[in-house]
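In my numbering, the protein residues as written are 505 to 740.
Quick reminder that beta carbons are idealized off the backbone N, C-alpha and C, glycines included.
Treat the numbers as computed from the prediction; the structure is a model and nothing was measured.
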Ligand SMILES: NC(=O)c1ccc[n+]([C@@H]2O[C@H](COP(=O)([O-])OP(=O)(O)OC[C@H]3O[C@@H](n4cnc5c(N)ncnc54)[C@H](OP(=O)(O)O)[C@@H]3O)[C@@H](O)[C@H]2O)c1
């Protein structure tokens with residue numbers, strides 16, 4: 505049995521990655537800020553996917569709160585006793601698309617970094633020890649083309665900087681864990697129809713989740729420290 509931990513698992517890409525993994529027989533530990541929303545999402549999942557042995561467990565998780573992360577990791581250890589896959593999906597984009605770096609407050613940058621970057625650090629620190637015990641792990645960081653230095657431009661400054669930092673986290677941790685059996689990669693899902701992406705996005709949530717699911721199920725010969733879109737490596 506494999507267990508995947510997903511932050512922000514109650515809607516959008518996190519929920520769809522969960523659905524795709526469940527269909528592959530992976531059990532889920534769904535983290536949700538609001539447990540009731542998470543439970544409703546889990547019921548919705550189980551009404552569309554009927555796994556033989558895999559199951560879905562929901563627990564409260566606010567990635568900006570270290571105590572919440574510690575309690576969530578303890579519940580995962582008690583319930584499943586293992587974590588094989590970590591999907592760092594929770595994220596916010598609270599800025600206007602044409603927001604200016606000059607007019608974004610330091611507090612706004614810190615709020616975005618706390619969730620989009622440090623939130624993932626908190627989860628890695630909580631779950632990598634469980635992965636190390638089994639000598640196996642797949643970490644998938646939900647990054648964005650907006651964090652790509654090659655294509656960096658104006659607008660959404662807090663979000664862009666946070667996703668570039670998440671890419672750096674991906675490479676740093678991949679290097680640190682090299683040879684441990686734990687593969688760490690980042691994904692750019694494209695522009696996806698979710699609450700964050702909005703209705704005009706050009707990808708369905710199913711399409712947006714596909715590469716993250718693929719990275720979560722990589723064989724031991726798979727890549728680490730890479731950035732992927734549509735299952736192909738892309739430039740940072
Ligand atoms: N949609 C796109 O076009 C797109 C493109 C590139 C990258 N991404 C990335 O993909 C990931 C998922 O995006 P999405 O489109 O599915 O967004 P979404 O629909 O807005 O969902 C975001 C999820 O993150 C959760 N979340 C936010 N802050 C949290 C916190 N402090 N602790 C725990 N959970 C928290 C939300 O929970 P609540 O329900 O409690 O708010 C929600 O479950 C994000 O990292 C995003 O940056 C999305």
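In whole angstroms, what is the alpha-carbon distance linking residue i and residue j?
i           : j           : result
residue 573 : residue 654 : 33 Å
residue 642 : residue 714 : 15 Å
residue 613 : residue 705 : 25 Å
residue 699 : residue 508 : 23 Å
residue 626 : residue 703 : 31 Å
residue 558 : residue 629 : 25 Å
residue 693 : residue 657 : 19 Å
residue 512 : residue 723 : 25 Å
residue 635 : residue 718 : 19 Å
residue 599 : residue 662 : 8 Å
residue 639 : residue 682 : 11 Å
residue 505 : residue 526 : 11 Å
residue 666 : residue 537 : 20 Å
residue 708 : residue 517 : 10 Å
residue 695 : residue 733 : 11 Å
With a 10 Å radius around its C-beta and 16 neighbouring C-beta atoms as the bar for buried, classify residue i as buried or exposed.
i           : result
residue 521 : buried
residue 551 : exposed
residue 652 : buried
residue 725 : exposed
residue 606 : exposed
residue 671 : buried
residue 514 : buried
residue 739 : exposed
residue 685 : exposed
residue 676 : exposed
residue 623 : buried
residue 588 : buried
residue 720 : buried
Let me make sure I understand the geometry here. Which of the options has the alpha-carbon closest to that of residue i?
i           : options            : result
residue 618 : 548, 570, 646      : 570
residue 646 : 640, 538, 688      : 688
residue 529 : 553, 539, 690      : 553
residue 565 : 595, 708, 728, 600 : 595
residue 659 : 601, 620, 707      : 601
residue 519 : 548, 585, 735      : 548
residue 668 : 650, 679, 680      : 650
Please tell me whether, using a cut-off of 6 Å, the distance from the CB of residue i to the nearest non-hydrogen atom of ligand 3 is below it.
i           : result
residue 646 : In the structure on display, ligand 3 does not appear, and the ligands it does have are ligand 1.
Exercise for the section: Enumerate, from N- to C-terminal direction, the unbroken beta strand (DSSP E) stretches of 3 or more residues contained entirely within the segment 516 to 541. Expected result: Here the runs fully enclosed are 531 to 536.
Exercise for the section: Please go through the segment 586 to 635 and give each complete alpha helix (DSSP H) segment of 4 or more residues, from N-terminal end onward. Expected result: The qualifying runs are 610 to 617.
Practice task
Return the chain-ordered ranges of every beta strand (DSSP E) run that is complete within the segment 652 to 738 and spans a minimum of 3 residues.
Solution key: If we require 3 residues or more, the beta strand (DSSP E) runs fully inside the segment 652 to 738 come out as 686 to 691, 731 to 733.
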